[in-house]
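Visitor: At position 118 of the sequence shown the residue is numbered 123 (our numbering), and the sequence of numbers has no breaks. This is the structure, below, for whatever I ask next.
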Amino acid sequence: MFNGNQEKLYLYTMDSKHRLKKARIKISCESVLTNLHTQLDPLCETAKLCNDKESLFHNEYVDMYYSFSTYIEEIVKVLNTWNLQYKNADSEKERIDLRKLLNIERKNSLQFLIEYMINEMNRIKEKEKQYKKDYENAEKILQTENLIHNTYIEESFEDLQVLTRELNHDILSELIKKYNISE
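See below:
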């Protein structure tokens, strides 16, 4: 996340115990810092998905984000190295060249990598939404089937009760005939 006063940017990595930790990026150039903040903020937002322990897909979010930790650590390392070169530049022309180089890399490899990570996390999010939608539809179908099934069972028992009454009537008639003294 962006912290303009200290000229710092944070990304979140994940350790082997699946705990998020901040990785600090220190940038000396304000315009670069603002651009990086805009570019990296969505990645920070995806880290929040790992904190929702109520999600049925929590483990998938965590596993996926953990698999990105190496990439994120490399991003932090490269940007910090760039910043060191920028601070140690001997001339304004060298700083301008470093900013141009960073802008080219931001738009190419960095943007591609960030989009990939965000898309992977969004795929899990979409899978979770689809699961919830399918679950709700299944509940509706089950309620409908239960209603139909209960109606069918009641009707089946009504048929059985009619047969039982007929059988009982026939048995009773036979008994009456058998023990009828009036004949």
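Note that CB positions come from ideal geometry on N, CA and C, so glycine has one too.
Just mark Ile77 as buried or exposed, buried being the case when its beta carbon has 16 or more other beta carbons within 10 Å.
Guide: Buried: at least 16 other Cβ atoms inside 10 Å.
Visitor: Where does Leu25 sit, in a helix, a strand or coil, going by DSSP?
Guide: In the structure shown, Leu25 sits in a strand (DSSP, three-state: E or B).
Visitor: Leaving out five residues before and five after Leu106 in sequence, what residues of the same chain have Cβ atoms less than 6 Å from its Cβ?
Guide: Once the five neighbours on either side are set aside, Leu106 has no close Cβ partner at all.
Visitor: Excluding five sequence neighbours on each side, which residues of the same chain lie with their C-beta closer than 7 Å to the C-beta of Cys34?
Guide: Correct list, in chain order: Tyr91, Arg104.
Visitor: Going by beta carbon distance, what residues of the same chain come within less than 8 Å of Lys26, once the five residues before and after it are set aside?
Guide: For Lys26, where only same-chain residues beyond five positions count, the Cβ hits under 8 Å are Tyr17, Thr18, Met19, Asp20.
Visitor: Hey, is the stretch 141-152 in contact with the stretch 63-78, meaning 3+ C-beta pairs nearer than 8 Å?
Guide: Touching, no, given that fewer than three Cβ pairs across the two stretches are closer than 8 Å.
Visitor: From Leu48 to Ile146, what does the alpha carbon distance come to, in whole angstroms?
Guide: Cα-Cα distance, rounded: 38 Å.
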